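Since the structure comes first, as structure tokens, the remarks are kept for the end.
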Amino acid sequence: MQEVNQVTAQYIPFTQASSSIFFILQQLNVLNHFYQFSLQYFLDILKFVLPDENNWHLLGVRDPRERLTVVFNNICLITFEQTSRALLHRDHLVLAMSLAQLQAQASGDKIDDDDVSYLSE
Numbered sequence: 013m014q015e016v017n018q019v020t021a022q023y024i025p026f027t028q029a030s031s032s033i034f035f036i037l038q039q040l041n042v043l044n045h046f047y048q049f050s051l052q053y054f055l056d057i058l059k060f061v062l063p064d065e066n067n068w069h070l071l072g073v074r075d076p077r078e079r080l081t082v083v084f085n086n087i088c089l090i091t092f093e094q095t096s097r098a099l100l101h102r103d104h105l106v107l108a109m110s111l112a113q114l115q116a117q118a119s120g121d122k123i124d125d126d127d128v129s130y131l132s133e
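Rendered as structure tokens:
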């Protein structure tokens, strides 16, 4: 039972970060009411990224923590690539910065608030 709890604990940061990506997508409608991204849209991104055959970055990576980091980075990348196609060009930076802040937070880094405010001007 302890091993199950340990493995479950390894996935908690990943699941929290993944749910944050979904909520970023949901908040994009504040920028433009046409931006409506469903849960199914996000699940399709996850279904694409999670299998090893679609994720060449995972080749040779055996450590579970490293694998989670690679998968999370790829989810952010694919989310940006797929979602930015539906956004106005001026809104790409908002999505990119939101995902970058999330990645920095997930890795234990922090993007300086002054940098964020500078980029958002």
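Using our numbering, you'd call the opening residue of the sequence shown number 13 and step up by one each time. Every residue, glycine too, gets a C-beta built ideally from N, C-alpha and C. Small disclaimer: the values here were computed from a predicted structure and weren't measured.
DSSP three-state assignment for Val73, whether helix, strand or coil: In the sequence shown, counting from the first residue as 1, residue 73 sits at position 61. Coil at Val73, not helix or strand.
Element boundaries [alpha helix (DSSP H), containing Tyr53]: Counting from 1 along the sequence shown, the entry for residue 53 is found at position 41. Leu51 to Val61 is the span of the alpha helix (DSSP H), which, as asked, contains Tyr53.
Span of the alpha helix (DSSP H), counted from its first residue to its last, around Asn17: Residue 17 sits at position 5 when you count from the first residue of the sequence shown. Gln14 to Gln39 is the extent of the alpha helix (DSSP H) around Asn17.
Assigned secondary structure, Phe46 (DSSP; H/G/I helix, E/B strand, else coil): For this step, residue 46 is matched to residue 34 along the sequence shown. Correct three-state label for Phe46: coil.
Span separating the alpha-carbon of Leu111 from that of Phe46: Here residue 111 corresponds to residue number 99 of the sequence shown, with the count starting at 1. Here residue 46 corresponds to residue number 34 of the sequence shown, with the count starting at 1. Taking the straight line from one Cα to the other gives about 20 Å.
Beta-carbon separation (whole angstroms), Asn41 vs Gln48, contact threshold 8 Å: Position 29 of the sequence shown, counted from the first residue, corresponds to residue 41. Position 36 of the sequence shown, counted from the first residue, corresponds to residue 48. Their Cβ separation, rounded to whole angstroms, is 6 Å, which keeps Asn41 and Gln48 in contact under 8 Å.
Cβ separation of Ala29 and Ala118, assumed to be a contact under 8 Å, to the nearest whole Å: Position 17 of the sequence shown holds residue 29. Position 106 of the sequence shown holds residue 118. Sure, about 5 Å apart at Cβ, within 8 Å.
Euclidean distance between Cα positions of Leu107 and Ile24: Counting from one through the sequence shown, the residue named residue 107 turns up at place 95. Counting from one through the sequence shown, the residue named residue 24 turns up at place 12. One C-alpha to the other measures close to 23 Å.
Beta-carbon proximity check, Leu37 vs Asp103, cutoff 7 Å: Position 25 of the sequence shown, counted from the first residue, corresponds to residue 37. Position 91 of the sequence shown, counted from the first residue, corresponds to residue 103. The answer is no: Cβ separation not under 7 Å.
Rounded separation between Ser50 and Thr20 - CA only: Reading the sequence shown from its first residue, position 38 is the one you call residue 50. Reading the sequence shown from its first residue, position 8 is the one you call residue 20. Spanning the two alpha carbons is a distance of roughly 27 Å.
Selection from Ile33, Thr81, Val61 and Asp56 that minimises the alpha carbon distance to Gln113: Position 101 of the sequence shown holds residue 113. The shortest Cα separation from Gln113 among Ile33, Thr81, Val61 and Asp56 belongs to Ile33.
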